[in-house]
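In this note's numbering, the protein residues as written are 1 to 223.
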């Protein structure tokens, strides 16, 4: 399924970079590497990756700044890999458009599974003419675009998939685990609270048009 898609691994620790790159290569991916922020941006422009795995603690430029620069260029899926487990870092990273956040130490197999799940969800669907409308919100599954009224919403790949899943199940109360299974995938491992962070981002970006209701004791539903 990978068709030799390229994953850009940005990590200044050569042992970790080799470990991650080795597992991705075994899964059939082409791997590009960078050990600094400046090198990462140059490699990003050169190889046009399908996914970026980005360490926050880089020697020259903070990974969050690198993420911001990449987001100005593209909406390519991006995963943070870092030793920093501070909630503020996590929220800032997700607000900038990161699709996932993995803290060290980590399981290489789990990291690879998450990378594959992100790439699987980010693939453009074959039903390019499928459009869903709910109130002022229009979701174009083929173009992977969301508009609120006449304005294009700036969503990450994960936020798009979560919104589409909620609207596809309009009126149904979905638990956090159901949302994780349906959007992140059954092979995703992590804290269910990541759903809450992404819901908060959707509400912020969609404003009053975000008809996402919190269902006490269960999860969320699109009303």
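Think of the CB as a built atom: it goes at the ideal place given N, C-alpha and C, for glycine as much as any other residue.
Spatially closest choice to residue i from the options, by CA coordinates
i	options	result
residue 171	66, 214 and 77	214
residue 74	96, 102, 107 and 105	96
residue 79	59, 179, 119 and 48	119
residue 169	106, 222 and 47	222
residue 185	65, 76, 205 and 161	161
residue 218	203, 182, 205 and 177	177
residue 198	174, 156, 181 and 13	156
residue 117	42, 183 and 37	183
residue 108	62, 41, 152 and 16	16
residue 151	195, 209 and 142	209
residue 63	46, 12, 29 and 113	12
residue 72	154, 173, 195 and 191	154
residue 29	9, 45 and 43	9
Identified DSSP bridge partners for residue i
i	result
residue 80	54 and 101
residue 222	212
residue 151	148
residue 138	133 and 147
Residue span of the alpha helix (DSSP H) that contains residue i, given as start and end
i	result
residue 200	193 to 206
residue 31	Counting along the chain, residue 31 falls outside any alpha helix (DSSP H), though it belongs to the beta strand (DSSP E) covering 30 to 34.
residue 66	63 to 73
residue 25	14 to 26
residue 44	37 to 47
Beta strand (DSSP E) segment containing residue i, residue limits
i	result
residue 8	6 to 10
residue 173	Note, residue 173: premise wrong, no beta strand (DSSP E); not H, not E.
residue 145	145 to 148
CB contact flag (residue i, residue j, <8 Å)
i	j	result
residue 35	residue 57	no
residue 7	residue 115	yes
residue 148	residue 207	yes
residue 166	residue 101	no
residue 202	residue 159	yes
residue 105	residue 76	no
residue 69	residue 24	no
residue 139	residue 164	yes
Fill in: Cβ pair count under 8 Å reaching 3, the stretch 11 to 28 against the stretch 53 to 62
Cβ pair count under 8 Å is three or more, so yes.
Fill in: Validate contact between the stretch 133 to 140 and the stretch 96 to 107 using beta carbons, cut 8 Å, 3 pairs
The answer is no - the stretch 96 to 107 does not touch the stretch 133 to 140, with fewer than three Cβ pairs under 8 Å.
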